[in-house]
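One structure below.
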Amino acid sequence: MTTQTSLYQTIMRWFCILVIALLVAGCTRAPQTGQPGGPAPDVVDVWHSLQGTEAQALQAQAQMIAQAHPEVIIKLSYVPEQNFVATSYQAEAGGEGPELFIASREIIHQLYEKGALAPAAYQDQEGFPAASQGFRFGGKGYGLPWLTDVPLLFFRTDTVGVPVNLTDLFSAKGGVSVAASNTATLSAWWNGQGGRLMNGGVPVLDDPSNVAFLQQLLTWKSANALRIDPAALSAFSSGQTPYMLAGASVAKSLTQLNVPWGCILLSDLVNGQGQPLLGTTLGIANSAIKTNETMTAAIQIVEKALLTPEVEGAMQEAGRLLPANTGFYQRPEAQKGVFPQAKLAFSKAWALDGDALEWKLIPLQDSAWSNALTGNVAPLEALVSAQEQAGKILAKSELP
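Residue numbers 34 to 433, in my numbering, belong to the letters of the sequence shown in order.
In structure tokens form, the structure reads like this:
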């Protein structure tokens with residue numbers, strides 16, 4: 034009897050020790066949050082430059098993404114465009130900042146130059162080539178195209194028909210309105226008629242074809258056939274001009290104003306040769322500081338979700354820019370309105386790598402065009418001056 038009691042006491046003693054050990058281990062373990070029995074969700078900070086209805090739409094989409102993927106929480110923060118680069122760089126210099134940036138192509142280019150970006154965590158196969166190329170540096174994608182725009186020629190279907198060529202277009206009463214006479218807007222006409230920025234790796238802003246094009250612009254402007262007016266949309270909507278050169282995104286405004294409109298590609302007027310340069314483009318990029326082994330999977334989830342046709346479509350409805358991914362254009366709602374023509378323009382757009390020298394030359398050409406069209410200098414003089422500046426940029430880029 035004594036032996037049995039002793040054995041029982043020994044077993045109970047070890048049992049108590051085991052229970053105490055388990056309780057101590059449970060007390061010292063870090064508390065678990067998130068899904069019961071699972072790890073805590075990852076918080077993905079997203080800095081963006083959207084405002085108004087676009088910001089509201091982004092908030093709604095972020096909530097839906099988090100509901101579909103409970104393993105992530107998306108935290109949105111607005112950063113003004115004028116402060117975006119400086120704020121982001123300063124935060125990363127201190128080991129802080131977001132996991133993701135949503136900003137214009139120009140801002141993402143600057144963030145890359147400051148070393149603030151890591152190669153894109155998610156590999157997007159649906160982006161239009163020209164849009165995707167704009168975020169590639171050294172052969173690697175450092176950003177993902179999200180929303181973009183492309184110039185089209187709009188015409189009023191109640192007063193004119195589809196022009197067959199440039200002569201037909203510029204002979205119409207009332208002419209063509211354009212908000213700005215820059216390379217992005219006029220690119221398809223310019224390069225469709227032989228215009229170019231580079232030849233054999235060397236800037237050629239004063240190329241004879243460029244001079245001839247600028248002289249033609251000046252002739253059209255002097256004849257009031259080309260109307261450069263920041264209020265071009267208003268002039269077209271009120272019927273002052275039957276044609277308007279503008280981004281595809283203005284189609285929504287025209288429809289809301291009950292303006293009878295149609296549109297065609299600019300390249301249709303130059304024997305199909307012109308390549309449009311994409312206009313305002315928003316991209317998604319991930320931080321060099323926060324993209325690590327721990328966060329990469331969460332970043333990929335959010336990037337992939339933002340690029341779905343459903344999310345891009347919702348953002349297009351809330352704003353004006355069009356989806357930059359081909360998947361959206363397979364949807365039923367993209368088979369009408371401006372979308373078919375925009376899709377064609379996107380597929381023919383001018384593809385430039387993010388580190389292409391042309392990005393630095395385009396502002397020089399824009400300035401030359403502005404100086405000539407405002408009557409400050411002759412076309413040749415303006416382009417020769419731009420070429421001299423281009424030579425200095427090239428020399429600086431070749432320094433070790």
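For every residue, glycine included, the Cβ atom is placed at its ideal position computed from N, Cα and C.
Because the structure is a prediction, the values reported are computed rather than measured.
Problem - Pairwise C-alpha distance: K108 and A401 - result: The residue you call residue 401 lines up with position 368 of the sequence shown. The residue you call residue 108 lines up with position 75 of the sequence shown. When rounded, the distance between both Cα atoms is 43 Å.
Problem - Entirely enclosed beta strand (DSSP E) segments - the stretch 83-130, minimum 3 residues - result: 105-111
Handout entry: Three-way DSSP call (helix, strand, coil) for A54 in this model
Key = Locating residue 54 in the sequence shown gives position 21, counting from the first residue. At A54, the pLDDT of 47 sits below 50, so the modelled position is not reliable; the number obtained from the coordinates is stated separately. Of the three classes helix, strand and coil, the one that applies to A54 here is helix, per DSSP.
Practice task
Tell me the start and end of each unbroken alpha helix (DSSP H) in the stretch 302-358 that is at least 4 residues and wholly inside, in chain order.
Solution key: 329-339, 342-351
Problem - Same chain, Cβ closer than 7 Å to I332, neighbours up to 5 away in sequence not counted - result: As a first step, residue 332 is located in the sequence shown; it is residue number 299 there, counting from the start. V77, E132, L133, A154, N319, T324, listed in sequence order.
Handout entry: Residue from W294, Y145, Q92 with nearest C-alpha to S271
Key = Taking the sequence shown and counting its residues from 1, one reaches residue 271 at position 238. Taking only the C-alpha atoms, the option nearest S271 is W294.
Problem - L199, DSSP secondary structure in three states - result: Residue numbering aside, residue 199 sits at position 166 when the sequence shown is read from its first letter. L199 falls in the helix class under three-state DSSP.
Exercise for the section: Report the option in L266, L340, K254, L186 whose CA atom is closest to the CA atom of A378. Expected result: Here residue 378 refers to the residue found at position 345 of the sequence shown. Among L266, L340, K254, L186, the Cα nearest to that of A378 is on L186.
Handout entry: Exposure label - K369; buried when at least 16 CB within 10 Å
Key = Reading the sequence shown from its first residue, position 336 is the one you call residue 369. By the neighbour-count rule (16 or more Cβ atoms within 10 Å), K369 is not buried but exposed.
Handout entry: 6 Å Cβ shell around D75 - same chain, five flanking residues per side excluded
Key = As a first step, residue 75 must be located in the sequence shown, where it is residue number 42. If we look at D75 and ignore the five residues flanking it on each side, its Cβ neighbours are V105, A331.
Practice task
Drop a sphere of 10 angstroms on the beta-carbon of Y175, count the other beta-carbons inside from all chains shown, and report buried for 16 or more, exposed for fewer.
Solution key: The count along the sequence shown starts at 1 and reaches residue 175 at position 142. Result: buried.
Practice task
Identify whether K369 lies in helix, strand or coil by the three-state DSSP scheme.
Solution key: Walking along the sequence shown from the start, residue 369 turns up at place 336. Coil.
Exercise for the section: Leaving out five residues on either side along the sequence, give the residues of the same chain with a beta carbon under 6 Å from the beta carbon of L199. Expected result: As a first step, residue 199 is located in the sequence shown; it is residue number 166 there, counting from the start. Same-chain partners within the cutoff: L302.
Exercise for the section: For K173, count neighbouring C-beta atoms within 10 Å of its own C-beta (all shown protein chains included) and say buried if the count is 16 or more, exposed if not. Expected result: What you label residue 173 is simply residue 140 of the sequence shown in a count that begins at 1. Per the 10 Å Cβ criterion, exposed.
Problem - Among P236, T86, A264, S82, nearest to M348 - alpha-carbon criterion - result: For the purposes of this step, residue 348 is taken as residue 315 along the sequence shown, with counting starting at 1. The option with the nearest alpha carbon to M348 is T86.
Problem - Sequence-distant residues of its chain with Cβ nearer than 8 Å to V237 (five each side left out) - result: Here the question's residue 237 lines up with position 204 in the sequence shown. Around V237: R229, L230, M231, N243, Q420.
Problem - Test item: CB-CB of I317 and L177 under 8 Å - result: Looking up residue 317 in the sequence shown gives position 284. Looking up residue 177 in the sequence shown gives position 144. The answer is yes: Cβ separation under 8 Å.
Exercise for the section: Would you kindly report the start and end of the unbroken alpha helix (DSSP H) that includes G295? Expected result: On the sequence shown, residue 295 is found 262 positions in, with the first residue counted as 1. Here G295 belongs to no alpha helix (DSSP H); instead the beta strand (DSSP E) covers 294-297.
Practice task
Work out the CA separation of A151 and T327 for me, nearest whole Å.
Solution key: To locate residue 327, count along the sequence shown from 1; it is residue 294. To locate residue 151, count along the sequence shown from 1; it is residue 118. Going by the C-alpha atoms only, they are around 14 Å apart.
Practice task
Pick helix, strand or coil for A245, following the three-state DSSP scheme.
Solution key: Taking the first residue of the sequence shown as position 1, residue 245 is located at position 212. In this structure, A245 counts as helix in the three-state DSSP scheme.
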